[in-house]
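In this text, residue positions in the sequence shown follow the numbering used here: the first is 323, and each later residue adds one. All C-beta atoms, glycine included, are put in the ideal place defined by N, C-alpha and C. What you are looking at is a predicted structure, and each value in this text was computed from that prediction instead of being measured. Worksheet for the structure shown next.
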Amino acid sequence: MKQRIWISLSALALLLTAALISVVPAAGQTTTTTTPTGPTNETTALFVACSDKAILNVSGTSLVGWDVYYQVFSAANATGTALTGIRQVAVAGEYQLSDTVTYTGGTAAAAQTVSARVWVGREADSSVVDYEFNVNDVQDGCANPQFTATTGTDISDGASASSSALYGVGRGILGPNGTILNPNLGAEADVVIGARTSDRFRSETPGLVFAECDAYALAEPGLIYDNDSVTVFWSWYTKTPAEMEAHLANAVYDVRLNTAALPMTTRSEPVRRDGNYWVFYTANIGYLRPGHYEVGYELTWSNPVNDGYDDYGPGTARSILKGLCNFDILVNPNGASVVYSGLYFPTIGPVHNINTD
C-alpha cells in the first residue's frame with residue numbers, strides 16, 4: 323500500500339441527545355461553542371468570523387470513518403448568503419485543529435453576525451450526516467487560530483479531502499465491495515493505561531486480511547477462528563482513470579501465503595472512492611487450520627507509472643513495494659466442525675518471514 327498522507331474523523335454516535343451551547347469571549351469576540359454529545363464521539367467548535375475569512379477551531383475525539391464539515395454563512399444560524407463552499411476538515415482519534423477559510427461569496431461588515439453550519443459526516447460522503455449544529459460570531463475583528471493549523475479542503479464539487487494521516491494509521495483501510503477493514507478498531511495512542519483494544523481484538527470483518535497488515539496499526543487481523551473464511555486482499559488507487567489504466571497494464575504482483583501462491587485471485591473494476599480511483603484484488607482462501615500464517619506481498623512494474631501523486635517502477639525511487647502480514651488462526655470457541663483448505667498449512671515457528679527487505 324502506498325504511504326500517502328490522509329486524515330479522518332469517525333463519529334459513530336447513533337443518537338444526538340443534547341447539544342451544550344455556551345457563549346465564550348475570544349480575543350474580544352463573542353463566539354458560540356457547541357458540543358454535541360453522543361455515545362462514542364465528542365466535537366467542540368469555536369468559530370471566529372473576520373472581515374474576509376473565518377477560522378474554525380475544532381477539538382474532540384473520534385473513531386475511524388467520519389470527518390468534520392462546515393460552511394460559512396452571512397447571517398446567524400446558517401442563514402443568509404453562503405460565504406464559502408463546503409469545507410472538509412479531516413481528523414482522527416483525539417484532535418485539536420484550526421482551519422482558516424477565505425470568503426468567496428462576499429465580505430463581513432463590522433458588527434455583522436456570521437455563522438457556520440458544522441456537521442460530522444462520512445469521510446467519503448458529506449451527505450451522510452451523523453449530527454450537526456450551528457455556531458455564530460459577531461465580526462468585531464479577527465483572532466489567531468486556537469490550535470495547530472490544518473488545511474481543510476473545499477469539497478463543494480464533491481471531491482474528498484486528502485490530509486495528514488495514513489490509511490491504516492489515522493483512518494481505516496478501504497476494503498473490497500465498499501467495505502472498510504476493521505470498522506470497530508480506532509486509532510490508539512502511543513501510550514495507553516491498561517490493555518490495548520487491539521491486544522485481543524475481534525474484527526467486525528473477521529477473516530478479511532490486508533496483505534500488508536504488519537505495517538498498518540488499523541489493519542490488525544485480530545482474533546481469527548478456524549471457522550472464519552479467510553480472504554486476503556490488497557489494493558491500488560490513482561487520481562485519474564488514465565493513471566489506473568497505466569498501472570493495470572504494467573503492475574506485476576507476487577503475493578503468497580506461507581510461500582504458496584494465491585492462484586484464485588480476482589480483481590475488481592476500478593471504482594471511485596474517497597476522491598480517487600481504486601481497484602481491489604481478493605483471494606478467497608477459505609478455512610485454515612489453526613496455526614501461524616504469513617502473507618508476503620511484492621509489487622513491481624514493467625514500465626514507469628504515476629498514480630497522480632508519486633512515480634513508481636523502473637528508474638524511480640519506488641521501483642518495488644514489499645509488505646508482510648502475520649496472523650494466527652485459533653480453534654473456534656464453539657467446537658464447530660470445519661473442513662479446511664488443502665492448499666495452505668500453518669508454519670511451525672512463531673514468525674515466518676518469507677518476504678523481508
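Check	Outcome
Same chain, Cβ closer than 8 Å to Ile642, neighbours up to 5 away in sequence not counted	Glu620, Leu621, Thr622
Pair within 7 Å by beta-carbon distance, Asn606 and Thr553	yes
Phe469 versus Val390: straight-line alpha-carbon distance, rounded	15 Å
Residue(s) in a DSSP beta bridge with Glu454	Trp441
Segment limits, beta strand (DSSP E) that includes Ala658	Here Ala658 belongs to no beta strand (DSSP E), and DSSP marks it neither H nor E.
7 Å Cβ cutoff met for Phe523 and Phe555	no
Check whether Val617 and Leu579 have beta carbons under 7 Å apart	yes
The beta strand (DSSP E) enclosing Ala376, as first and last residue numbers	375-383
Thr429 and Ser373 closer than 7 Å at C-beta	yes
Glu566, buried or exposed, once every other Cβ within 10 Å from all chains shown has been counted against 16	Strictly speaking, residue 566 in this sequence is Met, with Glu absent from that position. Buried, since its Cβ has 16 or more Cβ neighbours within 10 Å.
Sub-7 Å separation of Val653 and Pro612 beta-carbons	yes
Cα-Cα separation between Ala568 and Leu646, rounded to whole angstroms	25 Å
Straight-line gap, Ala414 to Glu542 (C-alpha atoms, nearest Å)	17 Å
Simplified DSSP state of Leu530, which is helix, strand or coil	strand
Beta-ladder partner(s) of Ile546, from DSSP	Ile651
Whole-number beta carbon distance between Gly500 and Ala539, since they are thought to touch under 8 Å	Not a contact, Cβ separation roughly 23 Å.
Among Ile495, Thr435, Gly463, the one whose alpha carbon lies nearest that of Trp388	Ile495
Short Cβ contact (7 Å threshold) for Asn693 with Val531	Because the chain is modelled from 323 through 679, residue 693 falls outside the range shown and cannot be assessed.
Ala465 and Ser437 closer than 7 Å at C-beta	no
Whole-angstrom distance between Thr604 and Thr587, CA atom to CA atom	5 Å
Which of helix, strand or coil DSSP assigns to Glu567	helix
Integer-rounded CB distance, given that Ala367 should sit under 8 Å from Val440	5 Å
Secondary structure of Asn572, DSSP reduced to three states	helix
Exposed unless 16 or more other CB atoms sit within 10 angstroms - verdict on Ser449	exposed
For Asp447, the three-state DSSP class (helix, strand or coil)	strand
Range of the contiguous beta strand (DSSP E) that encloses Gln418	417-424
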